[in-house]
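Here is the structure we will look at, set down as structure tokens.
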Amino acid sequence: MIERRILSEFLSGLAPRRRPLGRAPERAPERAAVPEVSTFTGRAALTAALAAAGLTVHLTVQRLAPPPIWRAGEPLVGVLPFLPWTVWIYLLFFPLLVVTGVLVPAGRWRRLALAWSLASVASWLLVLLVPVTFARPDLSRVDPLHAWVLGRVYGLDAAHVTFPCLHSAVTWICWHALRDRGPKLRAGVFALAVAITLSTMTTRQHLATDNAAGLIIAWASARTALSVRGAATARTGRDSP
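Each position in the sequence shown, counted from 1, maps to that position plus 33 in the working numbering.
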């Protein structure tokens with residue numbers, strides 16, 4: 034009898050244990066959530082890297098652009114007065130890029146990058162196909178600080194690659210990406226986008242026609258990026274990043 038009981042206990046130890054009915058399975062301890070700030074930092078770094086890559090390509094396109102086929106006259110150039118101090122508004126474009134990359138939901142960052150890339154490629158193609166130029170002001174009549182800043186800006190964006198205005202195209206894509214992040218942010222980014230667009234003309238960086246083309250490119254790029262998202266959603270049944 035003793036031997037039989039020992040054998041029975043040994044065999045019962047080898048058999049898989051059954052969970053009592055009605056008892057929930059034990060859960061493994063959950064890992065601590067990754068801090069949200071690391072996600073913000075990653076998106077900010079990716080956005081800055083994308084902007085740096087875009088600037089590098091832009092400078093290359095400038096060197097490859099053919100001679101201008103049309104020179105804009107003073108009536109078109111002088112739609113708005115020349116205001117050197119608005120170069121600081123113009124330069125807000127760059128922090129706006131990074132802020133947009135941080136504030137946009139993580140799942141939408143790829144679509145934002147796609148829209149930026151489409152707008153850039155369309156603008157560079159037009160620069161090569163339709164080179165337009167116009168006379169920029171004499172900076173010797175401007176105070177030394179603003180003359181120096183405008184000189185650096187003119188060096189990065191030469192007058193023979195003025196059409197279209199990629200500056201305003203990307204700016205309005207930023208507004209499009211943030212327009213559903215709350216009424217205050219939507220209104221604030223809208224006002225900033227208007228100011229940056231106007232500053233491209235008051236700094237004599239671009240013409241009104243350049244900005245009109247930039248707005249069309251922004252709209253088309255955003256629509257294309259959203260259509261890619263919609264196709265992926267229809268195919269997978271969930272929102273595509």
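Positions of the beta carbon are idealized from the N, C-alpha and C atoms, including for glycine. Values in this document were obtained by computation on a predicted structure and should not be read as measured data.
Look at the alpha carbon of residue 255 and the alpha carbon of residue 140, and state the distance between them as a whole number of angstroms.
16 Å
For residue 165, which residues does DSSP report across the bridge?
103
State the DSSP-derived secondary structure class of residue 179, mapped to helix, strand or coil.
helix
In angstroms, rounded to a whole number, what distance separates the CA positions of residue 160 and residue 216?
36 Å
Exposed or buried, what is residue 127 when buried is set at 16 or more other beta-carbons lying within 10 Å of its beta-carbon?
Flag for residue 127 reads exposed.
Using three-state DSSP, classify residue 140 as helix, strand or coil.
helix
Is the Cβ-Cβ distance between residue 172 and residue 236 less than 8 Å?
no
Candidates 151, 95 and 72: closest to residue 190 by CA position
95
Given a cut-off of 8 Å on the beta-carbon distance, is the pair residue 202 and residue 131 in contact?
no
Based on Cα-Cα distance, which residue from 162, 149 and 179 lies nearest to residue 81?
The shortest C-alpha separation from residue 81 is found at 149.
As assigned by DSSP and simplified to three states, the class of residue 212:
coil
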